[in-house]
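**Student:** Structure in structure tokens, see below.
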Amino acid sequence: MTVTLNIKYAGDGSSALINAVPSDSTIEKTKKLIAKANKMTSVESIRIIQRGKILYDDQKLENLIPGPNNTIVLYVTGIPGKVHKPITNNNNQQNIQFRAGNIFNPIKRRSLVNELKNKIIENQKGLLMLGALVIGTLAFAFMSLERSSTRFPNSSNKPESMSRLTKLLISVVVFGGVAFGLALINRVEISVIKKCAVLFFMSILPTFDVEAFMRERQFTQ
Numbered sequence: 068m069t070v071t072l073n074i075k076y077a078g079d080g081s082s083a084l085i086n087a088v089p090s091d092s093t094i095e096k097t098k099k100l101i102a103k104a105n106k107m108t109s110v111e112s113i114r115i116i117q118r119g120k121i122l123y124d125d126q127k128l129e130n131l132i133p134g135p136n137n138t139i140v141l142y143v144t145g146i147p148g149k150v151h152k153p154i155t156n157n158n159n160q161q162n163i164q165f166r167a168g169n170i171f172n173p174i175k176r177r178s179l180v181n182e183l184k185n186k187i188i189e190n191q192k193g194l195l196m197l198g199a200l201v202i203g204t205l206a207f208a209f210m211s212l213e214r215s216s217t218r219f220p221n222s223s224n225k226p227e228s229m230s231r232l233t234k235l236l237i238s239v240v241v242f243g244g245v246a247f248g249l250a251l252i253n254r255v256e257i258s259v260i261k262k263c264a265v266l267f268f269m270s271i272l273p274t275f276d277v278e279a280f281m282r283e284r285q286f287t288q
């Protein structure tokens, strides 16, 4: 039985195939094949690695983990001719020209700036609408409280009225803070926040009918 060796050189990232290698061949014999292919006279510097482990000379290919089409991938180091190529000034100049032709292109830069401006304006409009909704709901809820809740001088339940109003304010502040934070980090769309805000503030209004709301949306208890 034979296997195909896919030799990947760690030095320069190149690869080569060695076909029809007997599966009972040892790593030592494999090193000799690699040395011959790279015109080396010694195998002392060669190291063969698979799945992060250095293979020993007496290990056989048949005991290694094969891939598709009975191909074994081996990583090889210690080949003198397989080294990283240094980055030259020409390469750096080409990279600079490439970036200048794309990222720093005036037309593309202007388009990107306009896109960002439109997005910021859209988010600002959504946040302003959310703020207006909060203020309007607070005003309506405050005006719709019972007489004992709004006319504190004539009220016999002043502590209870203050407690209700305090809870209302805390709920609104918490919801508004969460919505504002989510909008700032762009985790959710402004339209989603506005829909949630409408339902939230409707639910705290004195005129909100929970049963009618559930019937309209066919919720079942």
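Numbering (my numbering), first residue to last: 68 to 288.
Beta carbons are placed, not taken as given, at the ideal position from N, Cα and C, and that holds for glycine.
Note that the structure is a prediction, hence the values are computed from the model and not measured.
Give the secondary structure of Thr155 by DSSP, where H, G and I count as helix, E and B as strand, and everything else as coil.
**Tutor:** In this prediction, Thr155 scores a pLDDT of 45, lower than 50, which makes its location untrustworthy; no coordinate-derived value is stated.
**Student:** Give the straight-line distance between the Cα atoms of Pro133 and Ile139, rounded to the nearest whole angstrom.
**Tutor:** 5 angstroms
**Student:** Candidates Leu84, Val143 and Glu95: which alpha carbon is nearest Ile116's?
**Tutor:** Val143
**Student:** Measuring CB to CB, does Lys30 end up less than 8 angstroms from Val110?
**Tutor:** Residue 30 is absent from the model: the chain starts at 68 and stops at 288.
**Student:** According to the neighbour-count rule (16 or more other Cβ atoms, all chains shown, within 10 Å of its Cβ), is Thr97 buried or exposed?
**Tutor:** Buried: at least 16 other Cβ atoms inside 10 Å.
**Student:** State the start and end residues of the unbroken alpha helix (DSSP H) segment that holds Thr97.
**Tutor:** Ile94 to Ala104
**Student:** Per DSSP, which one or two residues make a beta bridge with Ile139?
**Tutor:** Leu72
**Student:** For a quick check, are the C-beta atoms of Thr71 and Pro89 less than 8 angstroms apart?
**Tutor:** Cβ atoms of Thr71 and Pro89: not closer than 8 angstroms.
**Student:** If you draw a straight line from the alpha carbon of Ala87 to that of Asn137, how long is it in whole angstroms?
**Tutor:** Note on geometry: alpha-carbon atoms of Ala87 and Asn137 lie some 10 angstroms from one another.
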